[in-house]
Every structure is written in C-alpha cells, then in structure tokens.
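Worksheet: one structure, shown below.
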Amino acid sequence: MRVRRCAILMLEPRETLGFHLALLADGGSGLQRSVDWVAIAPHRRDETVVTSTEREVLVDLSPSEWIELEALAAKHPHEAIETLVTKELVIAEASDADARDRQLRETHWRPAAAVAHAASRWRGVDTEAADREFAEVVEETLLQRLGPPPPPVRERAPASQRLRLPVADATPLDALLAQRVTCRNFDASRALTQAQLAAVLYRTYGARAVDDFAPGVQLLKKSVPSAGGLHATEAYLLVRRVEGIEPGLYHYHPIDHALEPIRRLDRDEAAALARRFVAAQSYFLDAPVFVIAVSRFGRNFWKYRNHAKAYRALILDVGHLSQTMYLAATELGLAAFITAAINEVDIEEALGLDPLEEGPLAVSGFGVRARDCREIEFDPLHVIWKKD
Ligand SMILES: Cc1cc2nc3c(=O)[nH]c(=O)nc-3n(C[C@H](O)[C@H](O)[C@H](O)COP(=O)(O)O)c2cc1C
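Just so you know, we're using this note's numbering here: the sequence shown kicks off at 28 and counts up by one.
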C-alpha cells in the first residue's frame, strides 16, 4: 500500500488552562497548562488531536509523493502510522480519504484559506443558550469584562486641520439608505407576496445578462460586483410564508429567475431548520424567508487557483449581495437582516452541499417588520422606531 500526507494540514499547538484548587493550596496560581497538537485538515469533517510521535510522521511525509507503507514503517512506529491512516491525515492510496483529499486538491483552495474556512464552520451551535450560560457565570458588564473598545474613529489629524467636504444634497438614495435598519422584529402573521420575493431576489441575485466571455467561459452580469465576474455565490431559500410557494428549501436559478425545489417542509420542520440555520437566534425566526448565500468555491478557484485573495474576494462578494438585498427589501417597505452566526454544517447537510466545493457564508432574510419592538434594533435616529 502506498501513502502520502493529506494535501492541506495545519497543526496548532493549542493550550488549555485548567483550574485546580489543589494547585492553589500548594501556593501556585491554581492554573494547569496543557498543550495539544490539534490537526485541522479541511478534507476531514472535524479537528483531531495528534501525539508528538504522530506529528513527527506527518512532518516527515510528503503531501505530493506517494511512498510504500513499509518504507515509512521503517522509520516510524507502526502504531502511529496506523492511527494517522485512521485519522485520515496519512492518506492511503485509493481509499475514501484519498477521494476527498483529491477533491480538495482539485478545487484549488489556498491552504490557509481552506483551514480558516474549515475552522469557522459550526454544527448545532445554540448562541442563545451559550449567551445565557455565560451570563450566569459572568456577572460583569461588557465594559467591565472587555475594557473600553478602541475609539469609533481613528483620527489622523486635529479637527482644525481637517478638510471639510461638501454635504451632498439629499436624494432618493439617501432616503432609502436611511430606512435600512437591521430587523429583529418580524411580523410572524404576515407572508410575503411572490412578487416581493421575486423582486428582491432578482435585484440581488438575478443575472441581467449571460456573457460568452471566451469559448466555454460564461460570465454573468448582475446588479452587484463580483470577483472576476464569476458570481460564484448563489442563493438558497428556506421558504416559510410566501404566497403561492410551498414551505421548503429551494435554489434560485439566477439566469432563469426561477426557484428549483430541493425539499418540501412541513411547518414544524421549517421552523426547526430555521432555528438551526441561524444558531438559535430567536429574533430572526419570524422572518418569512431566509436567503442563504452559498459560495461555489470551485467556480471562483477555477480562475483564482491557490490564490492568496480568492477566499477573501468571495466573502467580499457576499457583502455586496447582502447590502443589495437590504436595499431591495427596504425599497419595498420590507425589512432585512444578515447573520454570520450560522451552523454551516447543518445547512450543508440540509441543502445537500459538498463542503469541499461549496458552502454557506451568511444567512439573510427579509419580511414585514412587526409593529412592536420586542428586540432591540440599532435605530439611533428613530427612523423606524419613533420616540414616544
Ligand atoms: C457580516 C455581518 C454579520 C452580522 N451578524 C449578525 C448576527 O449574528 N446577529 C445579529 O443580530 N446581527 C448581525 N449582524 C447585523 C449587525 O448587528 C447590524 O448590522 C449592526 O447592529 C448595525 O445595525 P444596522 O444594520 O441596522 O445599521 C451582522 C451584520 C453583518 C454585516
């Protein structure tokens, strides 16, 4: 059997501090420090810890050249090699791990970006429960706990030296921008019309033209800019209350301006998935539709191979999509949100996405804003929530 190291691997010497009363009684600080070598390898689902002996094997093994297992076993303990094969950090030729490792290679991820992406994916996180638990153990205010934040603006010259710029005359764009306030109070009794859903989707994700840029290379023209004109980020929908559309999961086809059904959901399933998708942030759960921004890494990295900026460019693309969706919804008198606190792994599983090739970077949603403000929104100018 031939083996090689997996393509992308980060070994992090992760410190854990434990508190032990006995150590305190002995006159110390009470803290015990331990360090684990944590392996992050994006072709695997989860992190795994390796021993120092296993680490030596990994450092010795090439990710590009296959070698016979016996040759490796001549230099390193057999047990460590076997464990590494089980952990899929040492890849056995023609195994399942080999298939996934090859797929990762062929997607042309930049290693640091692949590790960052893998390390930031959540499964089953409940942010509200985590916040509650934290509040129970820590009674300090944010300021006591974190100290003062950096100032709101980095000032590079005294006020007297600043070149004051003219104030632009107010335009309809200003009025629209002023109305954009992230919504955390949706009206659970109101549905979207199909026309509202369609308009927001088209203005954000819809393709206005398909351009034959070169033989076999098609670019899309949309309302938003996109790195390389590739528009590698597409919209998936979790529909809860849209007139004439069954609750369920859908993919938006940006050229046909059409919804592709993935799975129908009953009300309870849809509610449970919504909660799961946004890591239990309850204030978003009354939104009638979630729009999940899913980046197709393979499409962007086809051009920007192993590129230092490619993953960043994808994230920037999602920012443009988000703001455009906010504005498109706001223009219709609706309200929107975005969150990055999402359970990527749960979303991937629900939508049937292969995480090596495509994955969610954010979840947005929009709908009718409720009349009552139950959850705080950031509206210091009282544009939405008038002062009593
Ligand atoms: C990338 C990004 C991630 C965000 N994630 C969350 C989130 O997890 N939960 C949340 O309640 N709001 C989230 N927000 C919304 C911000 O809290 C909000 O934009 C901010 O409070 C300013 O309010 P405004 O959008 O009304 O101006 C996010 C915004 C952005 C741009």
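The beta carbon of each residue, even a glycine, is placed where N, CA and C say it ideally should be.
Here the distance from the Cβ of V208 to the nearest heavy atom of ligand 1 is below 7 Å. The continuous alpha helix (DSSP H) containing Q223 extends over residues 221-232. In the assembly as shown, G386 is a buried residue. Its beta-carbon has 16 or more other beta-carbons within 10 Å. Of the residues assessed, M28 falls on the exposed side of the cut-off, its CB having fewer than 16 other CB atoms within 10 angstroms. Three or more beta-carbon pairs separated by less than 8 Å are not found between the region 333-350 and the region 269-284, which leaves the two stretches without contact.
By the criterion of a C-beta distance shorter than 7 Å, R332 is surrounded in its chain by H135, once the five residues flanking it on both sides are discounted. Spatial neighbours of L51 in its own chain (CB-CB distance under 7 Å, excluding positions within 5 residues in sequence) are listed in chain order as G57. CA-to-CA, the gap between D399 and A157 works out to about 26 Å. Between ligand 1 and A34, a heavy atom-to-CB distance of less than 7 Å is absent.
Residue range 138-146 is occupied by the alpha helix (DSSP H) that includes P138, with no beta strand (DSSP E) assigned at that position. Judged by DSSP secondary structure, S61 falls within the beta strand (DSSP E) whose first and last residues are 58-67.
In this structure, ligand 1 has no non-hydrogen atom nearer than 7 Å to the beta-carbon of A320. Assignment of alpha helix (DSSP H) within the region 169-223, counting only whole runs of 4 or more residues, yields 169-173, 199-206 in chain order.
Out of R148, R31, R267, F393, the CA that lies nearest to the CA of I374 is found in R148. When the Cα atoms are used, A218 and V269 turn out to be separated by approximately 5 Å.
Note on the region 260-320: whole alpha helix (DSSP H) runs with a minimum of 4 residues are 294-304, in chain order. In this structure, F311 and T366 form a Cβ contact; the two beta carbons are roughly 7 Å apart against a cut-off of 8 Å. Collapsing the DSSP output to three states places L361 in coil. Cβ contact annotation for G256 (same chain, cutoff 6 Å, sequence separation greater than five): L246, in chain order. If you look at T75, you'll find it in the beta strand (DSSP E) that goes 75-77. For R207, the closest C-alpha among the options E273, V86, R396 is that of R396. Assignment of K336 by DSSP, reduced to helix, strand and coil, places it in the coil class. Listed as beta-bridge partners of D239 by DSSP are Q245. Rounded to the nearest whole angstrom, the C-alpha separation of E384 and D128 is 12 Å.
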